[in-house]
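Notes to accompany the following structure.
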Amino acid sequence: MSAIKFIITVTVFSLAFGCQSVADDAATSVADAETYARFVPERKDDFAWENDLIAFRAYGPASRDGAENAGIDCWLKRVPYPIINKWYDESINQGKSYHTDHGEGLDNYHTGASAGCGGTAIWLDGQREPLETFTEWEILKSSPERTVFALTYENEIDGDVYKEVKEITIELGQRLFKANSTFWKNGEPAAGLPIAIGLATHDGKASVSYDQSEGWAACWEILDGSGLGTGVIVNPDEVSEIVVIEPTGKDTGHVAIIAETDSEGQITYYAGYGWEKAGAIKTSAAWENYLKTFL
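Spelled out as structure tokens, the structure:
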């Protein structure tokens, strides 16, 4: 068989029997990209969300007695298609840990009792006071391009009952999610309430950078040989200060943007990450530039 005839034969066979090339697989992966969020009762009431670039989870009622509270955990993904359901299923039903990278990414980002990536806390007397794990959840909108949901947090601190409803929007193609949080104190909108929007420094291991005039703060660290940048952005007109909280024990080190709620008890911010192993963000400088030019 001549070379030309062989090529024609293979081409016809591929068309007839649906063979796919590597390029076809890549195109399919991109085509499958979407935003997604869901409650995960089978994993201690997690709530997880993702787009084509980033993925996260928050901790729910079943984790309230543990170390976790209002922190946001990063799931580091490096594929454009959804991984949340796949990773949970493989972990729970197949014993395949999502703490190991099997080719799609992994969860090697420790949150524990920290703010993780963009977790909020009341800022009282120079201390973070998180409102524990979420108590309620609601999906408000879900489409391939945009998903919106709300998580409700509530906790009593020094005799006062604080409540937060955090409405999160995640859009396709963005490395940061948007959070619009409304706070109440003893049932009334908490106007002028100082809020700490934090990034864990993992007991000071991460390098910290920030610019109060531009309203952003960032961490950069090396996890399992790959760089990871986490970041928070707030309207600079609403930023009171940016503080570096030195670690005094496990999960206590942070950089936090301190901002006060408006007259309706609301505050808006953006948080997310860039992972070197995913390919686009490879240096701390590249990550800082992304934050500076995001809005």
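In mature numbering (1 follows the signal peptide of the UniProt record, and there is no 0), the protein residues as written are -23 to -1, 1 to 272.
For glycine and all other residues, C-beta sits at the position ideal for the given N, C-alpha and C.
Bounds of the alpha helix (DSSP H) holding D66 are 61 to 71.
Counting only runs of 4+ residues, the alpha helix (DSSP H) found wholly inside the region 37 to 119 occupies 61 to 71, in chain order. Annotation for A25: V17, R34, I61 place their beta carbon closer than 6 Å to its own, counting only its chain and skipping 5 residues before and after. Using a 10 angstroms sphere on the CB of G208, the tally of other CB atoms reaches 16 or more, which defines it as buried. Going by DSSP, S240 is part of no alpha helix (DSSP H) at all; its letter is neither H nor E. For A257, the secondary structure class from DSSP, reduced to helix, strand or coil, is coil. Of the other Cβ atoms in all chains shown, fewer than 16 fall within 10 Å of the Cβ of D102; this residue is therefore exposed. The Cβ-Cβ distance between F160 and Y139 falls below 9 Å.
The count of Cβ pairs closer than 8 Å, one atom from the region 116 to 134 and one from the region 197 to 204, stays below three, leaving the stretches out of contact. The DSSP-derived three-state label of N157 is strand. With fewer than three CB-CB distances shorter than 8 Å, the region 251 to 270 does not count as touching the region 164 to 180. If you draw a straight line from the Cα of F271 to the Cα of I210, it comes to about 9 Å.
Residue state for E148 is assigned as strand, using DSSP reduced to three classes. The residues Y139, F160, W161, T238, G242, in chain order, have a CB closer than 8 Å to that of A167 in the same chain once the five nearest residues on each side in sequence are set aside. For S40, the closest C-alpha among the options G95, T110, R55 is that of T110. A Cβ-Cβ separation of about 7 Å places E144 in contact with V125 under the 8 Å criterion.
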